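Residue numbers (our numbering), protein chains in the order written: chain A, 2 to 372; chain B, 2 to 372.
For reference, the structure is listed below as structure tokens.
Number of protein chains: 2
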Amino acid sequence: MFHFNITARNNRARTGIFTTPHGDLLTPVFAPVGTQATVKTLTPEHLKDINATLMLSNTYHLYLRPGDELVRGMGGLHKFMQWHRPMLTDSGGFQVFSLAQTRKIDDDGVTFKSHIDGSTHRFTPEKSIAIQENLGADIIMAFDECSDPNDHAYTKLAMERTHRWAERSVKAKTRPDQALFGIVQGGVNADLRSASAKFISSLDTPGIAIGGLSVGETKDEMHATLDVVTPLLPEHKPRYLMGVGTPEDLINGVLRGIDIFDCVLPTRLARHHSAFAPEGRLNMMNASFARDERPIDGTCDCYTCKTFTRAYIRHLIVAKELLAGTLISIHNLRALIRLMEQSRVYIAEGTFEEKAPVLLEQWSNNAKRNK
Amino acid sequence: MFHFNITARNNRARTGIFTTPHGDLLTPVFAPVGTQATVKTLTPEHLKDINATLMLSNTYHLYLRPGDELVRGMGGLHKFMQWHRPMLTDSGGFQVFSLAQTRKIDDDGVTFKSHIDGSTHRFTPEKSIAIQENLGADIIMAFDECSDPNDHAYTKLAMERTHRWAERSVKAKTRPDQALFGIVQGGVNADLRSASAKFISSLDTPGIAIGGLSVGETKDEMHATLDVVTPLLPEHKPRYLMGVGTPEDLINGVLRGIDIFDCVLPTRLARHHSAFAPEGRLNMMNASFARDERPIDGTCDCYTCKTFTRAYIRHLIVAKELLAGTLISIHNLRALIRLMEQSRVYIAEGTFEEKAPVLLEQWSNNAKRNK
Chain A
2 MFHFNITARN NRARTGIFTT PHGDLLTPVF APVGTQATVK TLTPEHLKDI NATLMLSNTY
62 HLYLRPGDEL VRGMGGLHKF MQWHRPMLTD SGGFQVFSLA QTRKIDDDGV TFKSHIDGST
122 HRFTPEKSIA IQENLGADII MAFDECSDPN DHAYTKLAME RTHRWAERSV KAKTRPDQAL
182 FGIVQGGVNA DLRSASAKFI SSLDTPGIAI GGLSVGETKD EMHATLDVVT PLLPEHKPRY
242 LMGVGTPEDL INGVLRGIDI FDCVLPTRLA RHHSAFAPEG RLNMMNASFA RDERPIDGTC
302 DCYTCKTFTR AYIRHLIVAK ELLAGTLISI HNLRALIRLM EQSRVYIAEG TFEEKAPVLL
362 EQWSNNAKRN K
Chain B
2 MFHFNITARN NRARTGIFTT PHGDLLTPVF APVGTQATVK TLTPEHLKDI NATLMLSNTY
62 HLYLRPGDEL VRGMGGLHKF MQWHRPMLTD SGGFQVFSLA QTRKIDDDGV TFKSHIDGST
122 HRFTPEKSIA IQENLGADII MAFDECSDPN DHAYTKLAME RTHRWAERSV KAKTRPDQAL
182 FGIVQGGVNA DLRSASAKFI SSLDTPGIAI GGLSVGETKD EMHATLDVVT PLLPEHKPRY
242 LMGVGTPEDL INGVLRGIDI FDCVLPTRLA RHHSAFAPEG RLNMMNASFA RDERPIDGTC
302 DCYTCKTFTR AYIRHLIVAK ELLAGTLISI HNLRALIRLM EQSRVYIAEG TFEEKAPVLL
362 EQWSNNAKRN K
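This is how it looks when you write it as structure tokens:
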């Protein structure tokens with residue numbers, strides 16, 4: 002039911018086709034995040050229009066609200082939210098450690114209080130898998146512990162626990178129509194990352210995720226970690242770099258052999274009026290755009306850029322109209338999806354390594370807001 | 002450039018085609034309100050999908066933000082907001098009297114403070130027309146004073162001023178590609194309404210609006226007022242009942258010969274989670290919908306009803322996801338637009354008068370929230 006065929010290679014960068022029950026994913030791919038069974042302010046039609054193929058949704062959030070049993074009763078998450086393309090759910094681990102209150106970790110699992118109403122809940126690897134089976138995404142994740150990358154002693158303990166939890170996750174899984182990915186942890190310690198890459202690879206899951214990056218480490222540390230991990234992973238399985246990232250992060254990830262990315266950045270930036278553009282990340286509320294008849298990005302093919310001026314989008318922001326967030330979200334997501342489409346073309350042509358510095362230069366202004 | 006051809010009649014109800022520079026309007030028609038150059042949370046594509054043909058935008062709001070001079074510089078309101086179908090702007094009078102602070106009325110015009118920043122501004126009939134010419138809608142309104150319907154003495158003074166302002170508005174108008182409508186006032190006083198209908202008709206504007214209703218009077222008073230006014234208006238000109246209303250108001254208006262309606266109700270209700278449905282207005286947050294697999298309205302052909310369950314919409318509301326407002330807005334607007342489409346069919350068939358009681362019965366539950 003799940004196959005991954007590599008279709009072209011440029012050194013470590015590669016294109017592939019990952020076959021899932023809801024269709025083929027062309028990789029490298031960027032997945033918009035639909036935390037609460039919706040990519041904020043967008044309809045599924047908007048997402049299809051920008052050629053989104055994979056969507057991520059969050060186990061922690063959907064477990065709490067509306068509840069995974071309810072989603073199962075409604076026919077699963079695809080049907081509930083009317084997204085009929087491939088879908089991925091995380092394990093809930095990251096959110097428990099970053100959002101929930103008063104958590105208590107033991108070897109069996111984590112007890113935590115809901116960030117919504119303070120009620121007490123417990124996740125174990127078995128529980129995370131059961132929830133993800135109720136939700137029914139095509140790709141599901143092993144339950145893991147994501148630790149502070151600066152605490153090396155604890156990182157080793159957390160990594161070892163993540164390995165035991167990965168084994169339990171594999172054992173707990175029952176649905177044949179879901180691909181479970183193990184997660185490599187180990188912070189920014191090369192020895193730990195190396196050990197984790199080998200251990201997780203040994204579980205022979207149909208794909209492998211790299212967790213615990215983009216959580217406070219430097220870009221050099223992220224790249225060095227990827228340089229340790231990806232060469233140790235099996236070639237013929239998709240690799241998913243969790244929660245990453247900026248346009249530059251995506252290019253750097255593809256260069257290092259990553260196939261799947263997800264991040265809230267494009268939609269979160271959009272809600273704060275920040276747009277990806279060739280001249281750098283734009284604060285669309287800037288008064289200089291008041292009479293600017295250009296689109297956000299004249300090279301972009303999205304509905305927003307084909308239809309509206311910067312002046313109109315600025316007006317919507319100043320007038321506190323929510324449509325601004327919708328229109329910028331469409332553009333920002335399309336920018337990253339288009340970057341992955343371009344990368345696939347360059348890899349197929351055999352020019353990605355050569356063009357990556359140009360792409361990185363082109364996107365370098367977008368690391369920070371500069372307009 | 003503007004023609005109104007009546008195509009069918011059922012007693013006082015009629016269908017017609019109003020030709021404008023941006024296309025033909027089939028009447029009776031309901032216009033969604035895009036106060037600040039956007040129908041809140043919807044794209045122009047959404048509006049085309051529900052077969053919206055006429056959109057209203059607000060002169061007072063656009064004058065203050067982003068400014069009518071800016072809109073003119075950007076090529077006019079149609080281009081600025083990318084709505085290429087017919088558009089109507091009000092005169093700003095109603096908003097000055099309902100939203101602005103510390104207003105001072107004299108015979109020449111109104112001085113008021115902006116509700117946004119307290120800055121002082123002045124509208125006169127000439128200024129209102131100049132703003133509306135900068136905005137460039139197909140249908141524009143004479144500047145009028147809308148008074149408290151319960152203050153009969155003042156209502157007469159306000160009506161007389163409205164008549165003088167209507168004459169000045171007609172004189173101030175310069176653009177041949179805009180149709181200026183005079184506005185009948187006079188509160189709920191039959192004598193005043195009768196005088197106003199005759200006076201405004203004498204100005205020979207290409208259409209006539211009825212203002213000052215749905216502002217606190219009873220339904221019986223609204224109907225009685227329409228029964229006085231519409232028989233006095235020229236048959237061959239479109240009649241616009243401003244700021245109305247509920248589904249029942251629309252049916253009652255069509256019965257009394259009204260051709261054009263607008264109201265914020267469908268979108269405002271949507272933002273408060275209230276949806277038009279056959280069994281009555283639904284509070285979509287109601288716990289009884291948690292696992293309801295039905296659409297809002299099984300008879301509706303809108304994107305929301307063809308795609309999503311009540312359970313999903315309720316989840317979005319509970320999870321505070323803005324998409325809920327978008328989806329309910331699409332449905333609520335489509336419900337009124339569809340009601341006008343149905344009415345046109347019935348009038349063309351000669352059955353509207355006969356079917357109106359059934360339609361009224363069908364919609365009667367929607368007067369109040371009952372679920």
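Beta carbons are placed, not taken as given, at the ideal position from N, Cα and C, and that holds for glycine.
Just so we're clear, the structure is a prediction, and the values are computed from it rather than from any experiment.
Ranking B/V245, B/M286 and B/F309 by CA distance to the CA of B/A320 puts B/M286 first. Cβ contact annotation for A/P239 (same chain, cutoff 7 Å, sequence separation greater than five): F5, G17, F19, T28, G208, D260 and I261, in chain order. Partner residues in a beta bridge of B/M341, as assigned by DSSP, do not exist. Between the alpha carbons of A/D152 and A/V216 lies a distance of about 13 Å.
In this model, A/G258 and A/R66 are separated by some 36 Å (Cα to Cα). In the three-state scheme derived from DSSP, where H, G and I count as helix and E and B as strand, A/K321 is classed as coil. Here DSSP, grouped into helix, strand and coil, assigns B/K307 to helix. None of the residues of the region 330-353 of chain B has a beta carbon lying less than 8 Å from any beta carbon of chain A. With contacts defined as CB atoms closer than 8 Å, A/A312 and B/M341 fail to qualify as a contacting pair. In the three-state reduction of the DSSP assignment, B/N366 falls in the helix class, which pools H, G and I. Apart from the 5 residues on each side of it in sequence, A/V265 sits with its Cβ closer than 7 Å to the Cβ of V34 in its chain, given in chain order. Counting along the chain, the unbroken beta strand (DSSP E) around B/K114 starts and ends at V111 to K114. Setting aside the 5 residues that flank it on each side, B/S148 is surrounded in the same chain by Y155, T156 and A159, each with a C-beta closer than 6 Å to its C-beta; the list follows chain order.
Around the CB of B/T300, fewer than 16 other CB atoms lie within 10 Å, so the residue is classed as exposed. Within the same chain, Cβ atoms closer than 6 Å to the Cβ of A/L26 are found at F19, T54, L55 and P87, the five residues on either side in sequence being excluded.
Between A/F290 and A/N333, the C-beta gap is not smaller than 8 Å, which leaves the two residues out of contact. For the C-beta of A/Q83, the chain B residues within less than 7 Å are, from N- to C-terminus, T308 and F309. Contact check for A/L270 against A/F31 fails: the beta carbons are separated by 8 Å or more. According to DSSP, A/D192 shares a beta bridge with no other residue. Taking a beta-carbon distance threshold of 8 Å, B/V319 counts as an interface residue toward chain A. Closer than 7 Å at the C-beta level to chain A, one finds these residues of the region 49-71 of chain B: R66, P67 and L71. Between B/G77 and chain A, the shortest Cβ-Cβ separation is not below 8 Å. Look at B/F5 here: in three-state DSSP terms it is strand.
In chain order, R15 and G17 place their CB closer than 6 Å to the CB of A/I7, counting only its own chain and leaving out the 5 sequence neighbours on each side. Interface criterion met: the Cβ of B/H316 is under 8 Å from a Cβ in chain A. For A/R176, the three-state secondary structure derived from DSSP is coil. Taking 8 Å as the cut-off, the beta carbon of B/H316 is found closer than this to the beta carbon of A/A38. Closest in C-alpha terms to A/T231, from the list A/T219, A/G244 and A/G212, comes A/G212. A/G74 reaches chain B at R292, counting residues in chain order whose Cβ is nearer than 8 Å.
A direct Cα-Cα distance of roughly 12 Å separates A/P177 from A/V171. Here A/H23 carries a coil assignment [DSSP, helix/strand/coil]. Looking only at A/E146, A/V359, A/D192 and A/L136, the smallest Cα-Cα distance to A/Q179 is reached by A/L136.
Between A/L181 and the set A/T206, A/V189, A/S58 and A/A173, the nearest pair of CA atoms involves A/T206.
At a cut-off of 8 Å between beta carbons, A/A101 makes no contact with chain B. Annotated as distal: B/K80 and A/L323, with beta-carbon spacing of 8 Å or more.
In its chain, beyond the 5 residues on either side, Y61, R104, V111, F113 and F124 have a beta carbon closer than 8 Å to the beta carbon of B/V97.
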